[in-house]
Every structure is written in structure tokens, then in C-alpha cells.
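Single-structure report; data block below.
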Amino acid sequence: MNINSMIMRCINVLLMIILFWGCNRALSEDVNEQKISFRSNIQETQVVNMGRASFDKGGGVHLYIVERTEEDVAMFPASEDLCEMVCGDAGSLSFADGQEHYYPDMPIDVYGYYWKKTHSAPQDLVSVPVSVNADQSTPEFLNESDFLYLKAANGYVKDVAPIRLEFNHLFSKLVINFTTETPTTVILGDLEEVKLNNVVTTGILNMGTGVLANGETVDDIQMQAIPNTSVVIFPQEKQDNDMIISFKFTGNDNPSEAILPSMTFEPGKEYVYTLKVNDYPGLGPTKELFLVSIKDWEQVQVGEILVEKGEKARVMLTKVVKGIAITKADLYMSSGGIVRKVKNIVVTNNQMEFVFPRTVEGGTLQLDSACFYTETGEKFAYCFTDITLKGNNHDEVTLTIPKVGDAWMGGTVFVVGKVTGYDETTSSFKTDITGINAYRGRVVASVSLGSKAWCESSAKGKNSLVGASSRYDGMINLKAVETFAASNGETLDAYPAFKACKDLGEGWYFPALDEIRWIALHKEELNLNMEVKAYGSSMEKSVVDYVGITSSITSDNLTTKYGPSAVWPVRAY
Numbered sequence: 011m012n013i014n015s016m017i018m019r020c021i022n023v024l025l026m027i028i029l030f031w032g033c034n035r036a037l038s039e040d041v042n043e044q045k046i047s048f049r050s051n052i053q054e055t056q057v058v059n060m061g062r063a064s065f066d067k068g069g070g071v072h073l074y075i076v077e078r079t080e081e082d083v084a085m086f087p088a089s090e091d092l093c094e095m096v097c098g099d100a101g102s103l104s105f106a107d108g109q110e111h112y113y114p115d116m117p118i119d120v121y122g123y124y125w126k127k128t129h130s131a132p133q134d135l136v137s138v139p140v141s142v143n144a145d146q147s148t149p150e151f152l153n154e155s156d157f158l159y160l161k162a163a164n165g166y167v168k169d170v171a172p173i174r175l176e177f178n179h180l181f182s183k184l185v186i187n188f189t190t191e192t193p194t195t196v197i198l199g200d201l202e203e204v205k206l207n208n209v210v211t212t213g214i215l216n217m218g219t220g221v222l223a224n225g226e227t228v229d230d231i232q233m234q235a236i237p238n239t240s241v242v243i244f245p246q247e248k249q250d251n252d253m254i255i256s257f258k259f260t261g262n263d264n265p266s267e268a269i270l271p272s273m274t275f276e277p278g279k280e281y282v283y284t285l286k287v288n289d290y291p292g293l294g295p296t297k298e299l300f301l302v303s304i305k306d307w308e309q310v311q312v313g314e315i316l317v318e319k320g321e322k323a324r325v326m327l328t329k330v331v332k333g334i335a336i337t338k339a340d341l342y343m344s345s346g347g348i349v350r351k352v353k354n355i356v357v358t359n360n361q362m363e364f365v366f367p368r369t370v371e372g373g374t375l376q377l378d379s380a381c382f383y384t385e386t387g388e389k390f391a392y393c394f395t396d397i398t399l400k401g402n403n404h405d406e407v408t409l410t411i412p413k414v415g416d417a418w419m420g421g422t423v424f425v426v427g428k429v430t431g432y433d434e435t436t437s438s439f440k441t442d443i444t445g446i447n448a449y450r451g452r453v454v455a456s457v458s459l460g461s462k463a464w465c466e467s468s469a470k471g472k473n474s475l476v477g478a479s480s481r482y483d484g485m486i487n488l489k490a491v492e493t494f495a496a497s498n499g500e501t502l503d504a505y506p507a508f509k510a511c512k513d514l515g516e517g518w519y520f521p522a523l524d525e526i527r528w529i530a531l532h533k534e535e536l537n538l539n540m541e542v543k544a545y546g547s548s549m550e551k552s553v554v555d556y557v558g559i560t561s562s563i564t565s566d567n568l569t570t571k572y573g574p575s576a577v578w579p580v581r582a583y
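Using this note's numbering, the first residue of the sequence shown is number 11, and each one after it goes up by one.
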């Protein structure tokens, strides 16, 4: 064999070794690589939030799969990283090209979106134009506006488990629920048009950061004309009078409008408004009432908005106590079992003006009670008897000072004015009846609550001075007992007489010694059937005793705190 033949044979052997080594290396790499697979939880998201079962089967999901150049540094996406995906069963995603895709050597980050609205694949991912439909009058147009964004910069590495991707709603959603208290005049099924006016409808998205900047386009959005309607909008901040809901019923030429309050609409939140539309006969044709709250996606209580339209009735307040300037009123009226509440009525020079919420054409309303607010920030409640409002601009409401023996606030008046003390020698209350204090006072319930113990035998207050020492104000004693109980890990359940009175409602309490004594002395004047000879009070006398009155009324009666006595509740107004 010559030298040339030997050289050629060596070269061939070397090439075979290299080829064999290369095949082994390729085989080894194929064995170690893992196929990329994805699973999305968007099905759950869609069921809850958009009313769709899932991504539309076969619908396009756009993913940007980015290989890191440094293991610990997340990479932003570029247009060439785009992978078109298709949706399968149970939220699975697969590559639209039908090819198998494998993890690279370095970790990967995943970005993406799902958007049914017709659009071109973005080239500049730092500045992606996005928008919502100005026409969302069908479920399809509504869903087209819902932009679902994904940012999963988690540095995924080789793993046999599929990557779970969570898509988030990039925009905000408003839900308007129409209701009515006058179904004979407001037929919710006759909604013909619903619009959300004056909202931003375009913007720019940075695909890498998820930051959305609003554009300058402001437009009206046509909503579906149904009683429970929705709209997708850009996250945006709106001040008072900036955003208006307009709606129209069949047969009405002019739409009604309601102004939404100032609000910062945030991504991924659903804002739910209950719009109550009442069409009153006579002078009050329309009233819209918003009960506003925000629910899941996140739930936040916003407040209540009242919008009124139509002719207004004027009602004059007369015999208002000197020195009181009433600026606002809440009225509680009724007719035929139907309650009408009209709040935040502006009062100027003792005259109220408001939409008169009749129940029938030409009907009247019974004025039951009211709450009046003064320019000093104080307020007082007032009860009415046999006051009928006609809504003809000639109504007058007299605010005379109640007197002892009057039925008032669920009881009978036994003190008029703000109580400042008690004169033991004359057995009478010291009071201040100047200004708004003329509308203060105290009432006693019409019946007793029966026998109750001052405290339970197991209560911490049984052998302790609780601090219920007021002789003429049982409310002070109630607060002392509540404070003592809370500081000792107890509740008012351990003090039955106090709890029974408080459970009657706001302002009710177990009377102090002078209060129950005065009531017993004047039971005929108050028309009370006080047959029991002795009554307890909330005033403690010692560590172990509390004090009440005996059959002689003027004499004190000591009872151990866990011993029962008759309880007659009172209330301050």
C-alpha cells in the first residue's frame, strides 16, 4: 500500500468518526429537549366575567415566545417572536403552523393577547394601537372590545408539564341594570336605545410592560338595549359631569340622561350600576335612581346617586323655631302601602322643591316623617300625623314643638328639650329649648319589657363598679356598660336589661333612676299602664347593687345586679 492510499484511508476513517459523533450528539439533544405545550385558565375567566364559555375554538391567540440571552434577565418581545396559536378543548393551546416547537437551551418568557376585533399583527410592540368598538349593541361587538393581555416573564425552563398562562382583562367593564318601581308606566322590555357618552375609545399598549396609555379619541358607545346591558371601556378617570348614560324607551322621542359620579375606572374591574327608573303620574314624570357598587372582578361600594326630572312641587315649612336655618331635608312619604323616600331636598327660606312622586294620576301622599339638616351641620328628626301633601305648590308643613304626652318617634314624649340635669327637690328635668334643642327630647315606650336582670350572675360586672353612675341619662350608663364589657372580653348579652332595650332600635336604652322615677310619677299623663309596683334603673349603686324605685316611687329600691326587676325602655330624639 502506497503512502497516498494510507492517507486517504485515514481521512475516511476520521470523517466516519466525526459523522458518528455528530449523529450521537443530535440524538442526545433530541432526547433531552421537551416539546412546548400550553394550557390557559382563560376558560374559567371567561365564564365568570364575559359570559363566553372560553376562547372561541380555533380562535387566534397571539403569543410572543422570547428566549433569554442571560439566564436571570427577562427579555421584552419583538415582532419576530410571534407565534400564532389556536384554541383547543379545555383551554389548551397549540401552534397554528402545526409544527412541534421545543424549548431552547435558555429560559423563555411569554407575552401575548387574545382580541377578536379585526386588526393587523403589530410591528412595533412598544406602541401597539388598541381600541374598543363604538358600537357594542350586540354581544359579538361587546366581546370584540374585550382585550385579554398576557405577561408571563417567568423564565420558564424545560419541564414536561404544560405552561399555565393567565390572561387578564386589559380594559374596564360597566354593567347597567335597569329596574323600576312603577312597572305599569315603565316597561323595561321597551328599551330602545342605551348609550354611554363621552368616553375614551383608543389607546397605545406597550406589549412588554403591559402599560396602557389612553389616546385622544373620545366618542359615544352604543350599548345593547336590554334591561341588563354591558359595555367595555378604556381604563380612565372621569370627573363629575364627564360621563353620561342616556337611554330611551319606545314611544319617547327624547332620551333621558343620568350623570355618573367621578370615578377612576381601573383595568380588570367590573362596575355595576343599578338604574332605577320611575315614571310618576301627574307632576313627577321621571326619576332615575342609581345604586352604585363595584363587584367581582373586584368589589367596591361606590355610593348612591339620585337624578330627578320633571315638574317640581313646592312645600313651605312653617312655625320653624327661631334661630334654626334649615338647608336640606329627607322626606318619608307613603300612599296605599307604597313608601316614597325623597332625600337631599334643598331648602331655601323654609321652602322645599322636589319631584312629587305620586303613585296615581292626581294622587296625594301621606307625610310620615322627615329629617332636617341645618346650616350649622346639625340635624333633627320630625314625626307627622295626618299630614297629606297634594303636590300642587300650596302645601304647608308645620314644625311645631312637640309636647309631653304626644306620640313621637315610636313612643310618648316625657321630656321636651335637651336635658341638662334633674332637680331632685321638684322632681323635674332641667332642659334647654333654645334653637334646635326645642326639637330634642325623650320618649318612653308604651309597654314594659318585663323583668330583666341588670347583669348575669356570671358577668364581670356582677362584683365590679362598671361606671354606670348617671342619675338622669340612661344613655350614658349604657355606654359605660358597653365599654366595660368590651374591655373585659364580654358582650352586652351579659347585661340583659341593657341589651333588651338597645335591641328595640337606634337610640333606645335602659332608663336612669330619675328618668324612670319621673315616668312613674306622671304615668297617667303619659297614658301608661304601669301596674308593677317597682322598676329597675340602669344606675348602679355599689359594687354589687343597682337602684330602682319602689311602689312609693320616691323611695329607692336596691337590688343585687343579677336580680331581675321590671324594665321600661326610653329613647332620646
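Built from N, CA and C at the ideal position, the CB exists for glycine as well.
With H, G and I counted as helix, E and B as strand and the rest as coil, what does DSSP make of residue i?
i, result
"Lys472", "helix"
"Tyr449", "helix"
"Cys465", "coil"
"Thr386", "coil"
"Pro412", "coil"
"Ser272", "coil"
"Glu191", "coil"
"Gly499", "coil"
"Ile236", "coil"
"Val317", "Confidence in Val317 is poor, its pLDDT being 47 and thus under 50, which makes the residue's placement too unreliable to answer from."
"Trp528", "helix"
"Pro506", "helix"
"Pro139", "strand"
"Gly6", "Here the chain has residues from 11 to 583 only, and residue 6 is not among them."
"Pro149", "helix"
"Gly199", "helix"
"Phe520", "coil"
"Val553", "coil"
"Glu110", "coil"
"Thr128", "coil"
"Phe439", "strand"
"Glu154", "helix"
Would you decide whether residue i is buried or exposed? Buried here means 16 or more other CB atoms lie within 10 Å of its CB.
i, result
"Pro139", "exposed"
"Ala335", "exposed"
"Glu80", "exposed"
"Leu585", "Because the chain is modelled from 11 through 583, residue 585 falls outside the range shown and cannot be assessed."
"Asn487", "buried"
"Gln311", "Annotation note: pLDDT 45 at Gln311 (below 50); position unreliable, coordinate value reported separately. Per the 10 Å Cβ criterion, exposed."
"Gln246", "buried"
"Glu525", "buried"
Does the distance from the C-beta atom of residue i to that of residue j stay below 8 Å?
i, j, result
"Gly171", "Asp119", "Gly is not the amino acid found at residue 171; the sequence shown has Ala there. Contact: no."
"Leu206", "Phe259", "no"
"Thr211", "Phe257", "no"
"Tyr545", "Cys465", "no"
"Val71", "Tyr124", "yes"
"Arg324", "Asn403", "yes"
"Ala223", "Ile214", "yes"
"Gly471", "Tyr519", "no"
"Arg581", "Val476", "no"
"Tyr121", "Leu184", "no"
"Gln146", "Met233", "yes"
Measure the C-alpha to C-alpha separation of residue i and residue j and round it to an integer number of angstroms.
i, j, result
"Pro332", "Leu538", "Residue 332 is actually Lys in this sequence, not Pro. Using only the alpha carbons, I get a separation of about 33 Å."
"Ser254", "Val209", "Per the sequence shown, residue 254 should be read as Ile rather than Ser. Roughly 9 Å between the two C-alpha positions."
"Asn153", "Asn354", "39 Å"
"Asp483", "Asp340", "29 Å"
"Val228", "Tyr281", "20 Å"
"Val429", "Asp566", "22 Å"
"Ser137", "Tyr159", "15 Å"
"Val491", "Thr560", "24 Å"
"Glu298", "Leu375", "Any reading at Glu298 must be qualified, since the residue scores a pLDDT of 43, below 50, and its modelled position is unreliable; the value itself is stated next. Using only the alpha carbons, I get a separation of about 20 Å."
"Val134", "Thr274", "Contrary to the premise, residue 134 reads as Asp rather than Val in this sequence. About 29 Å."
"Gly199", "Val287", "13 Å"
"Ile186", "Ser345", "29 Å"
"Ala88", "Val352", "59 Å"
"Thr441", "Glu500", "35 Å"
"Lys329", "Met343", "21 Å"
"Thr192", "Leu377", "20 Å"
"Tyr166", "Pro117", "5 Å"
"Val457", "Asn238", "48 Å"
"Ile304", "Asp289", "Here Ile304 scores only 38 on pLDDT, less than 50, and its place in the model should not be relied on; the value that follows carries that caveat. If you take the alpha carbons of Ile304 and Asp289, they lie about 27 Å apart."
At the 8 Å Cβ level, is residue i part of the contact set with chain C, yes or no?
i, result
"Tyr124", "Protein chain content of the structure displayed is limited to a single chain, and chain C is not contained in it."
In chain order, each beta strand (DSSP E) run of at least 3 residues that lies wholly inside the segment 338–402: 348–358, 361–365, 375–384 and 389–393
Residue ranges of each alpha helix (DSSP H) run of no fewer than 4 residues wholly in the segment 73–106, ordered along the chain? Restricting attention to alpha helix (DSSP H) runs no shorter than 4 residues, the segment 73–106 encloses none.
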